[in-house]
Ligand code: NOJ
Ligand code: MG
């Protein structure tokens, strides 16, 4: 029998490198900082870390504009620091994933510098160049995800180039075989160094319709959601050809994997479930985990969540392993979105659903969206479409480790201000408090780690009424019931006999409670016949 791949039972932890730990006083987190904090992650009880981009970059989009796919940005360290971090992670049994940004490079990448140098440069076709529309102006109506046209005019060569994001992030042309080969070599470069997998940035964006037709206009566009939603991205994203590319990436990952040392690919894909499922591949030849972001925005209603979980489980292709996410560097903090009491319930949900969960750094402390004064705004999304609440700086504020100046994050001036309340909401303070969000996460992760039912078991939703969401996980005779009160009033429940293992409220209720207290989530180990 082949061993189950490690990532199915793992808990992933996303680190935003700018904000985790600074080691050299420049106010920006770095690789040595991360290495110094690995023991924290081991004690927390996670299995793998994913680092948002650490490659050389002009940082127009904070590393999602890569100028060299096979190097390390000097702000974060050197290749030797990376090798050291990887070795230290592996020595502690932690896996390490990097962020692959295949849709676009930086406009400072030597490939683009060449590409824009002339129309007959051999790298011209590595990017997406088009003539102006017949009457002048951009080739079509596609809009950048950050607002404004997705085409920028290059006066020197008399053509437009396409960029789904900033003009500093020209899209690569995955229809060009040489570009494709060069990008797959990037994966090989890092796999050969020992990297355990990749999160793949905007995977559903990487091929566009070959004819570049206009996108359909969205008749119900709400300007408050950003200009990108003025059109439906019908022709600019999710094209059938993307699946062959995902399969090519998968083949590279598989070629490096060994039993017990599988390499994993996780696709960042924001699509409705049915279309998301195609990214597993028709026969499982796509990415291992197409990110499932549904929990981030889901209405906080028990019936709605139960339906969402059931539909997702049903939609999974044979052999497709589920996954769940509560937050990331682009989306509101769970503690802000749900409130601090329900954020615990949300964490219990994330870490007890069937599938691989990804935790966003700081959510284990209950970090909230930070307040960013206007003169400290850094995110291009906010700078381009200000005031709509689309900016991402608030969810990227530095981690607080203790109550020393700047939370022990840096001895210098932090690149973004720490979020309010860090003097109390920091690692040292929360470790000392058994009722803290951090202590709760540690307990939850410890229970999960030793429970086959919670890590790899089946899931069955339990019929409930009102604000209760409940389900059972089962594996090898071990049965766990999870019952979550999504409201701030008490609700009655009918639970099987068993031992309560953990409550979001800290203290454990009696056996077989008939009531869930306000904001209470409970894990109960069901009695099994002797
Ligand atoms: C998705 C990333 O998560 C986001 O941070 C970035 O701005 C865009 N892709 C462009 O790379
Ligand atoms: Mg630094």
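In the numbering used here, the protein residues as written are 106 to 635.
Positions of the beta carbon are idealized from the N, C-alpha and C atoms, including for glycine.
On a predicted model such as this, the values are computed, not experimentally measured, just so you know.
Could you pull the start and end residues of the alpha helix (DSSP H) that residue 485 belongs to?
First-last of the alpha helix (DSSP H) with residue 485: 485–489.
Range of the contiguous beta strand (DSSP E) that encloses residue 607:
Here the beta strand (DSSP E) through residue 607 covers 603–608.
When we look at the beta-carbon of residue 322 and count the other beta-carbons within 10 Å, is it buried (16 or more) or exposed?
exposed
Along the beta strand (DSSP E) that carries residue 201, what are the first and last residues, could you check?
Membership of residue 201 in the beta strand (DSSP E) is indicated by the continuous run 200–205.
Since residue 401 and residue 432 should fall inside the 8 Å C-beta cutoff, what is the C-beta to C-beta distance between them, to a whole number of angstroms?
6 Å
6 Å Cβ shell around residue 527 - same chain, five flanking residues per side excluded:
505 and 512
Can you list, in chain order, the residues of its chain whose CB lies under 7 Å from that of residue 248, leaving out five sequence neighbours each side?
254, 255, 332, 333, 335 and 336
Please say whether residue 223 and residue 171 have beta carbons closer to each other than 8 Å?
no
Rounded to whole angstroms, what's the CA-CA distance from residue 637 to residue 216? Just pull it up for me.
Residue 637 is absent from the structure shown; the chain starts at 106 and stops at 635.
According to DSSP, is residue 272 helix, strand or coil?
Here residue 272 sits in coil by DSSP.
Unbroken beta strand (DSSP E) run spanning residue 586, endpoints:
583–590
Helix, strand or coil, according to DSSP, for residue 481 in the structure here?
Residue 481: helix per DSSP, three-state reduction.
contact_flag[the region 264–282, the region 173–183] where n(CB pairs < 8 Å) is 3 or more:
No contact exists between the region 264–282 and the region 173–183.
Bridge-paired residues (DSSP) for residue 630:
Residue pairing by DSSP places residue 630 opposite 585 and 604 in a beta bridge.
Is residue 136 near residue 159, with beta carbons less than 8 Å apart?
yes
Going by the CB atoms, is the gap between residue 550 and residue 456 shorter than 8 Å?
yes
Contact test: residue 134 Cβ vs the ligand MG heavy atom, cutoff 7 Å:
yes
Flag this pair as yes or no: are the beta carbons of residue 450 and residue 591 separated by less than 8 Å?
yes
So, for residue 540: in the same chain, excluding its five sequence neighbours on each side, which residues have a beta-carbon less than 6 Å away from its beta-carbon?
611
Is the Cβ-Cβ distance between residue 130 and residue 515 less than 8 Å?
yes
Start and end of the alpha helix (DSSP H) containing residue 534?
532–536
Going by alpha carbons, who is nearest to residue 384 out of 459, 470 and 351?
351
Just to check, is the beta-carbon of residue 186 closer than 7 Å to a non-hydrogen atom of the ligand MG?
no
Is there at least one non-hydrogen atom of the ligand NOJ closer than 7 Å to the beta-carbon of residue 169?
yes
Can you tell me whether DSSP reads residue 371 as helix, strand or coil?
strand
Over the uninterrupted beta strand (DSSP E) stretch that includes residue 378, give me the two end residues.
Taken as a continuous stretch (DSSP letters only), residue 378 belongs to no beta strand (DSSP E), being part of the alpha helix (DSSP H) at 378–382.
Looking at residue 268 and the ligand NOJ, is the gap between the Cβ and the nearest heavy atom below 7 Å?
Set against 7 Å, the gap from the CB of residue 268 to the closest heavy atom of the ligand NOJ is not smaller.
What do you reckon, is the C-beta of residue 490 under 7 Å from a heavy atom of the ligand NOJ?
no
What are the start and end residues of the alpha helix (DSSP H) that includes residue 141?
136–141
Delimiting residues of the beta strand (DSSP E) encompassing residue 565
563–567
Ordered along the chain, which non-local residues of its own chain (more than five positions away) have a Cβ less than 6 Å from that of residue 446?
624
Do you know how far the Cα of residue 110 is from the Cα of residue 367?
6 Å
Specify, as a first and last residue, the run of the beta strand (DSSP E) that residue 402 falls within.
Careful: residue 402 lies outside any beta strand (DSSP E), inside the alpha helix (DSSP H) at 399–402.
Member of 357, 389 and 567 whose CA lies at the smallest distance from the CA of residue 297:
357
Using CA coordinates, which residue listed in 436, 426, 260 and 633 is at the minimum distance from residue 494?
Nearest C-alpha to residue 494: 436.
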